[in-house]
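A.B. asks: First the structure, which I've put down as structure tokens, then a few questions once you've had a look.
Protein chains: 2
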Amino acid sequence: MRDLLELRDEIDEIDDQIVKLYEKRMKIAEEVAEYKIHTGKQVFDKKREDEKLAKLTAKAESDFTEHGIYELFEQIMAVSRKRQYQLLTARGLGEDTGFTMVDKLDYANARIVFQGTEGAYSEQAMKTYFGEQCDSYHVDTWKDAMEAIKNKEADYAVLPIENSSAGIVSENYDLMVEYDNYIVGEQIIKIEHALLGLPDAEIKDITSVYSHPQALMQCSEYFDEHKDWEKISVKNTAMAAQKIGYDQKKNQAAIAGSINADIYGLKVLENSIQDNKENSTRFIIVTNRKTYVKNAKKISICFEIPHESGSLYHMLSHFIYNNLNMTRIQSRPVKDKNWEYRFFIDFDGNLEDSAVQNALRGLKAETESFKILGNY
Amino acid sequence: MRDLLELRDEIDEIDDQIVKLYEKRMKIAEEVAEYKIHTGKQVFDKKREDEKLAKLTAKAESDFTEHGIYELFEQIMAVSRKRQYQLLTARGLGEDTGFTMVDKLDYANARIVFQGTEGAYSEQAMKTYFGEQCDSYHVDTWKDAMEAIKNKEADYAVLPIENSSAGIVSENYDLMVEYDNYIVGEQIIKIEHALLGLPDAEIKDITSVYSHPQALMQCSEYFDEHKDWEKISVKNTAMAAQKIGYDQKKNQAAIAGSINADIYGLKVLENSIQDNKENSTRFIIVTNRKTYVKNAKKISICFEIPHESGSLYHMLSHFIYNNLNMTRIQSRPVKDKNWEYRFFIDFDGNLEDSAVQNALRGLKAETESFKILGNY
Numbered sequence: 001m002r003d004l005l006e007l008r009d010e011i012d013e014i015d016d017q018i019v020k021l022y023e024k025r026m027k028i029a030e031e032v033a034e035y036k037i038h039t040g041k042q043v044f045d046k047k048r049e050d051e052k053l054a055k056l057t058a059k060a061e062s063d064f065t066e067h068g069i070y071e072l073f074e075q076i077m078a079v080s081r082k083r084q085y086q087l088l089t090a091r092g093l094g095e096d097t098g099f100t101m102v103d104k105l106d107y108a109n110a111r112i113v114f115q116g117t118e119g120a121y122s123e124q125a126m127k128t129y130f131g132e133q134c135d136s137y138h139v140d141t142w143k144d145a146m147e148a149i150k151n152k153e154a155d156y157a158v159l160p161i162e163n164s165s166a167g168i169v170s171e172n173y174d175l176m177v178e179y180d181n182y183i184v185g186e187q188i189i190k191i192e193h194a195l196l197g198l199p200d201a202e203i204k205d206i207t208s209v210y211s212h213p214q215a216l217m218q219c220s221e222y223f224d225e226h227k228d229w230e231k232i233s234v235k236n237t238a239m240a241a242q243k244i245g246y247d248q249k250k251n252q253a254a255i256a257g258s259i260n261a262d263i264y265g266l267k268v269l270e271n272s273i274q275d276n277k278e279n280s281t282r283f284i285i286v287t288n289r290k291t292y293v294k295n296a297k298k299i300s301i302c303f304e305i306p307h308e309s310g311s312l313y314h315m316l317s318h319f320i321y322n323n324l325n326m327t328r329i330q331s332r333p334v335k336d337k338n339w340e341y342r343f344f345i346d347f348d349g350n351l352e353d354s355a356v357q358n359a360l361r362g363l364k365a366e367t368e369s370f371k372i373l374g375n376y
Numbered sequence: 001m002r003d004l005l006e007l008r009d010e011i012d013e014i015d016d017q018i019v020k021l022y023e024k025r026m027k028i029a030e031e032v033a034e035y036k037i038h039t040g041k042q043v044f045d046k047k048r049e050d051e052k053l054a055k056l057t058a059k060a061e062s063d064f065t066e067h068g069i070y071e072l073f074e075q076i077m078a079v080s081r082k083r084q085y086q087l088l089t090a091r092g093l094g095e096d097t098g099f100t101m102v103d104k105l106d107y108a109n110a111r112i113v114f115q116g117t118e119g120a121y122s123e124q125a126m127k128t129y130f131g132e133q134c135d136s137y138h139v140d141t142w143k144d145a146m147e148a149i150k151n152k153e154a155d156y157a158v159l160p161i162e163n164s165s166a167g168i169v170s171e172n173y174d175l176m177v178e179y180d181n182y183i184v185g186e187q188i189i190k191i192e193h194a195l196l197g198l199p200d201a202e203i204k205d206i207t208s209v210y211s212h213p214q215a216l217m218q219c220s221e222y223f224d225e226h227k228d229w230e231k232i233s234v235k236n237t238a239m240a241a242q243k244i245g246y247d248q249k250k251n252q253a254a255i256a257g258s259i260n261a262d263i264y265g266l267k268v269l270e271n272s273i274q275d276n277k278e279n280s281t282r283f284i285i286v287t288n289r290k291t292y293v294k295n296a297k298k299i300s301i302c303f304e305i306p307h308e309s310g311s312l313y314h315m316l317s318h319f320i321y322n323n324l325n326m327t328r329i330q331s332r333p334v335k336d337k338n339w340e341y342r343f344f345i346d347f348d349g350n351l352e353d354s355a356v357q358n359a360l361r362g363l364k365a366e367t368e369s370f371k372i373l374g375n376y
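In the order they appear, the protein sequences are chains Z and V.
When we follow the UniProt record's numbering, the leftmost residue of the first sequence carries the number 1, and every step to the right adds one.
When we follow the UniProt record's numbering, the leftmost residue of the second sequence carries the number 1, and every step to the right adds one.
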């Protein structure tokens, strides 16, 4: 048996040779790019790549190396393709994403819509983002808010997208696919739920609790102590508080921010009843225009992928080879296609970056129903 | 400018050389495995790999190829490591997953627990899986079902895990992490929701609808036509039907399977009111033992990963290099860690397969809080 050091020396020598060949191959890829720029030929030639992979794997000495060689050259060809995209971008033949860059978004005369009513967490997120004095109005549903910006009744909508303990607000993920609206900003706010009742009510009087289903979920440990309470879903936490004030029934309580006690003439029966004391919600600021600011640094996209082994993995390679930091991945069922999924990915970058353009060009070519949700 | 054919010939020549070097390297990796088997040395030597990557990238001629070389050798070393794991497994030094293989699970004398009450979809899934005559009882919550099998009051629990239109049942994902219980089977059943009311009620009488939050979500288009109805969340669809029968109020309705009309003396006011007419739910069969059947062909795992660029991508490489078909990926927030995620992955395979053992060994070494949820 040979010694480990001896074996490692031999490996090092092989690796040096591979590095030299790799450098040489990338230089030729640049020449190929020049040729393609000159002739207007497409960078991605799936047929040629498939033929190459078939030829190379035929040379493998075992099933194990056959698979390894396949993966190795898929990677090498993907990187080579990306180098070609880079050169195209440098020549001004970059990807047109359809988005317009602006120095700054005009929030001064903006009209903003949020879902719920006065006292809603969405209103709080809106005021934190746009300022206390912003021109706003509210609608009943998230879909109504999406419709409002689609129909230009409002410039921006504020929608919750994810809670740090309950997870994604799936309906708003789905609405971002359904509507041609785009994200231009985000705002995280801390969520502290209180149990609110009538001024003369005590906890022992309560039999029915009204709130948004996400808020009810976020207080599940508290409900474990009150298993007999009826939980009623309403569209918004503030609407729940409003209802208690309106109905004037001592057995009813709402779960909402404590700010609603003052607004609707209620009493805080118990404060901070959510399971996670650091509970936060991320809201997105949505508009109807394909626009982004110069210093935007996060991109959200979504796509469906063909139902093949490894296809998700290959999609992710576009982020890695372009050195893009993926910060979030979510999947949702595709409507009317049982057990098929749509992926939502957030990553760091600006639509002006050539690395971003390269990745997006590849993703667009290799996925279905690709959409850039926004750069913010 | 050189011609495309000429450039491609040159690339082909380089690729042939890379293939030869790759084969040679894998042969040496096998010798390294022999050495490691002999000396009991660990396969994964992160320090050595990091040093190699630093040395090789230092030879790069540009930033672009530096990154490419880094990725290329990460891949080559990962495959090499996997070849070593394969040889260890072949020598009987395979991974002990802690799971016991059995020819068949004994369902004949099994006691089964489900959440809800008579008429629940969980009961329907249970009867489809275990047979009409199985020995069963029901509990109030999913957590209670998990407790029941933990405390050996029942042998198996039946829990819904995912709906084809509403997505995952997140609470049950979280419970699978919280409890040392394991999946041994699954059952998909078609879900057809009906609106059930008292025998003398008409749709125009209804003001309050009781059901499980997931069922309410699955009928959102139907509710868009009845915006004034109050939606009340209860633990289970069958409990909702039971309540309507018990309360005897004409303004109340339940959303549940139509089978509940007979059980609780109700009338079907409207059938098949879910948005997706092909609506299905996947249930898991859970037990307290780490066991799997010989012909099990799907594995579910979960893990947290360090918050680094590309770490998810590297985790996925374990599936690809071992040729394992990943069928599902989900992420959930990690409890008490804001904006950190736990991943749930399903893939095809049996814990006896060496490819599976290789992948699991790598994943266990490179992730946090790794758990095999079951093989079924």
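All C-beta atoms in this analysis are idealised placements derived from N, C-alpha and C, irrespective of residue type, glycine included.
Computed from a predicted model, the values in this text were never measured in an experiment.
Can at least three beta-carbon pairs, one atom from the region 228-246 of chain Z and one from the region 102-113 of chain Z, be found at a separation below 8 Å?
C.D. replies: No, they do not touch.
A.B. asks: Indicate the three-state DSSP secondary structure (helix, strand or coil) for residue 378 of chain V in the structure shown.
C.D. replies: Residue coverage of chain V in this structure runs from 1 to 376, which leaves residue 378 of chain V outside it and unanswerable.
A.B. asks: What is the DSSP secondary structure of residue 387 of chain Z, reduced to helix, strand or coil?
C.D. replies: This structure cannot settle anything about residue 387 of chain Z, because the visible part of chain Z is limited to 1 through 376.
A.B. asks: What residues from chain V crowd round S170 of chain Z, counting only those whose CB sits closer than 7 Å?
C.D. replies: Within the first sequence, residue 170 of chain Z is the residue found at index 170, counting from 1. Those within 7 Å of S170 of chain Z in chain V are G167.
A.B. asks: Spell out the partners DSSP gives A256 of chain V in its beta bridges.
C.D. replies: Against the second sequence, residue 256 of chain V aligns to sequence position 256. Note: A256 of chain V sits in a beta bridge opposite V:A194.
A.B. asks: Can you give me, in chain order, the residues of the region 259-279 of chain Z that have a beta carbon less than 7 Å from any beta carbon in chain V?
C.D. replies: Result list: N276 and E278.
A.B. asks: Measuring straight from C-alpha to C-alpha, what distance separates H15 of chain Z and I28 of chain Z?
C.D. replies: Position 15 of the first sequence, counted from the first residue, corresponds to residue 15 of chain Z. Position 28 of the first sequence, counted from the first residue, corresponds to residue 28 of chain Z. Rather than His, the amino acid found at residue 15 of chain Z in this sequence is Asp. Roughly 20 Å separates the two Cα atoms.
A.B. asks: Considering only residues of the UniProt domain "Chorismate mutase" (1-88) of chain V, which uninterrupted alpha helix (DSSP H) runs meet the minimum length of 4 residues and lie entirely inside it, listed in chain order?
C.D. replies: As far as the UniProt domain "Chorismate mutase" (1-88) of chain V is concerned, its whole alpha helix (DSSP H) runs of at least 4 residues are 4-39 and 46-58.
A.B. asks: Leaving out the 5 sequence neighbours to the left and right, which residues in its chain are closer than 6 Å to F283 of chain Z when beta-carbon positions are compared?
C.D. replies: Counted from its first residue, the first sequence places residue 283 of chain Z at position 283. Cβ within range, chain order: A125, V158, P160 and Q187.
A.B. asks: By a C-beta neighbour count over all protein chains shown, 10 Å radius and 16 as the cutoff for buried, is D50 of chain Z buried or exposed?
C.D. replies: Translated into the one-based positions of the first sequence, residue 50 of chain Z becomes position 50. With fewer than 16 other Cβ atoms within 10 Å, it is exposed.
A.B. asks: Does the region 308-324 of chain V come close enough to the region 203-219 of chain V that 3 or more CB-CB pairs lie under 8 Å?
C.D. replies: No: fewer than three Cβ pairs fall under 8 Å.
A.B. asks: Anything in chain Z within Cβ reach of K24 of chain V, meaning under 8 Å, just list it in chain order.
C.D. replies: Start at 1 with the first residue of the second sequence, and residue 24 of chain V comes out as number 24. Under the 8 Å cutoff, chain Z gives I14.
A.B. asks: Using the Cβ count rule (16 or more neighbours within 10 Å means buried), how would you classify A90 of chain Z?
C.D. replies: By 1-based counting over the first sequence, the position of residue 90 of chain Z is 90. By the neighbour-count rule (16 or more Cβ atoms within 10 Å), A90 of chain Z is not buried but exposed.
A.B. asks: Could you name the residues of chain V that T281 of chain Z contacts, counting a contact when the two beta carbons are closer than 8 Å?
C.D. replies: Position 281 of the first sequence, counted from the first residue, corresponds to residue 281 of chain Z. Chain V residues near T281 of chain Z: none, gap ~11 Å exceeds 8 Å.
A.B. asks: Answer yes or no: does any C-beta atom of chain Z fall closer than 9 Å to that of residue 377 of chain V?
C.D. replies: The structure shown does not extend to residue 377 of chain V, since chain V is modelled only from 1 to 376, so the question has no answer here.
A.B. asks: Any C-beta of chain V sitting closer than 9 Å to the C-beta of G68 of chain Z?
C.D. replies: To locate residue 68 of chain Z, count along the first sequence from 1; it is residue 68. Answer yes: the Cβ-Cβ gap between G68 of chain Z and chain V drops below 9 Å somewhere.
A.B. asks: At the level of alpha carbons, what is the spacing between Q252 of chain V and L216 of chain Z?
C.D. replies: Against the second sequence, residue 252 of chain V aligns to sequence position 252. Against the first sequence, residue 216 of chain Z aligns to sequence position 216. Rounded to whole angstroms, Q252 of chain V to L216 of chain Z spans 22 Å at the Cα level.
A.B. asks: Determine the burial state of P333 of chain Z: buried for a count of at least 16 other Cβ atoms within 10 Å of its Cβ, exposed for fewer.
C.D. replies: Here residue 333 of chain Z refers to the residue found at position 333 of the first sequence. It is buried - the Cβ of P333 of chain Z has at least 16 other Cβ atoms within 10 Å.
A.B. asks: Can a CB atom of chain Z be found closer than 9 Å to the CB of E225 of chain V?
C.D. replies: Translated into the one-based positions of the second sequence, residue 225 of chain V becomes position 225. For E225 of chain V, the answer is no, since every Cβ of chain Z falls outside 9 Å of its Cβ.
A.B. asks: With 9 Å set as the bound, which would you pick, yes or no: does the beta-carbon of N236 of chain V sit closer than that to a beta-carbon of chain Z?
C.D. replies: Looking up residue 236 of chain V in the second sequence gives position 236. No, because no Cβ of chain Z sits closer than 9 Å to the Cβ of N236 of chain V.
A.B. asks: Is the CB of N251 of chain Z under 9 Å away from at least one CB in chain V?
C.D. replies: The count along the first sequence starts at 1 and reaches residue 251 of chain Z at position 251. Not an interface residue.
A.B. asks: Helix, strand or coil for I273 of chain V? Go by DSSP, reduced to three states.
C.D. replies: In the second sequence, residue 273 of chain V corresponds to position 273, counting from 1. DSSP places I273 of chain V in coil when its eight states are reduced to three.
A.B. asks: Excluding the 5 residues flanking K104 of chain Z on each side, which residues of the same chain have their C-beta closer than 7 Å to its C-beta?
C.D. replies: For the purposes of this step, residue 104 of chain Z is taken as the residue at position 104 of the first sequence. Around K104 of chain Z: V293.
A.B. asks: Since Q17 of chain Z meets chain V, which of its residues come closer than 7 Å, beta carbon to beta carbon?
C.D. replies: Translated into positions along the first sequence, residue 17 of chain Z becomes position 17. What Q17 of chain Z touches in chain V: L21.
A.B. asks: Residues of chain Z with CB under 7 Å from residue 462 of chain V, in chain order?
C.D. replies: What the structure shows of chain V is the stretch from 1 to 376, and residue 462 of chain V is not part of that stretch, so it cannot be assessed.
A.B. asks: E171 of chain Z and L7 of chain V look like a contact to me (Cβ under 8 Å); what is the Cβ gap, rounded to whole Å?
C.D. replies: Taking the first sequence and counting its residues from 1, one reaches residue 171 of chain Z at position 171. Taking the second sequence and counting its residues from 1, one reaches residue 7 of chain V at position 7. Their Cβ separation, rounded to whole angstroms, is 51 Å, which puts E171 of chain Z and L7 of chain V out of contact at 8 Å.
A.B. asks: Counting only Cβ pairs nearer than 8 Å, list the residues of chain Z close to D61 of chain V.
C.D. replies: As a first step, residue 61 of chain V must be located in the second sequence, where it is residue number 61. One detail in the question is off: residue 61 of chain V reads as Glu in this sequence, not Asp. Near E61 of chain V (Cβ distances below 8 Å), the residues of chain Z are E23.
A.B. asks: Express the C-alpha separation of F44 of chain V and D180 of chain V in angstroms, rounding to a whole number.
C.D. replies: Residue 180 of chain V sits at position 180 when you count from the first residue of the second sequence. Residue 44 of chain V sits at position 44 when you count from the first residue of the second sequence. So the alpha carbons of these two residues sit roughly 28 Å apart.
A.B. asks: Of the residues that make up the region 187-215 of chain Z, which ones have a beta carbon closer than 8 Å to any beta carbon in chain V?
C.D. replies: Those residues of the region 187-215 of chain Z that come within reach of chain V (Cβ to Cβ, closer than 8 Å) are P213.
A.B. asks: Quick one, which residues of the region 294-322 of chain Z are near chain V if we go by CB-CB under 8 Å, in chain order?
C.D. replies: Residues S309, G310, L312, Y313, L316, S317, F319, I320 and Y321.
A.B. asks: Which residues in chain Z have a C-beta closer than 8 Å to the C-beta of V113 of chain V? List them in chain order.
C.D. replies: On the second sequence, position 113 is the one that residue 113 of chain V refers to. Chain Z residues near V113 of chain V: none, gap ~18 Å exceeds 8 Å.
A.B. asks: Buried or exposed: S62 of chain Z, going by 16 or more other Cβ atoms within 10 Å of its Cβ?
C.D. replies: Within the first sequence, numbered from 1, the residue matching residue 62 of chain Z stands at position 62. Exposed, because fewer than 16 other Cβ atoms sit within 10 Å of the Cβ of S62 of chain Z.
A.B. asks: Sort out for me which residues DSSP pairs L159 of chain V with in a bridge.
C.D. replies: Here residue 159 of chain V refers to the residue found at position 159 of the second sequence. Bridge partners of L159 of chain V: V:I284.
A.B. asks: Hey, could you find the ends of the alpha helix (DSSP H) N172 of chain V is sitting in?
C.D. replies: Your numbering for residue 172 of chain V matches position 172 in the second sequence. Per DSSP, N172 of chain V belongs to the alpha helix (DSSP H) from S170 to E178.
A.B. asks: Does DSSP put I203 of chain Z in a helix, in a strand, or in coil?
C.D. replies: Here residue 203 of chain Z refers to the residue found at position 203 of the first sequence. DSSP places I203 of chain Z in helix when its eight states are reduced to three.
A.B. asks: Which chain Z residues sit within Cβ distance under 7 Å of S369 of chain V?
C.D. replies: Residue mapping note: residue 369 of chain V aligns to position 369 of the second sequence, counting from 1. The premise fails here: S369 of chain V is roughly 17 Å from chain Z at the closest Cβ pair, so nothing lies under 7 Å.
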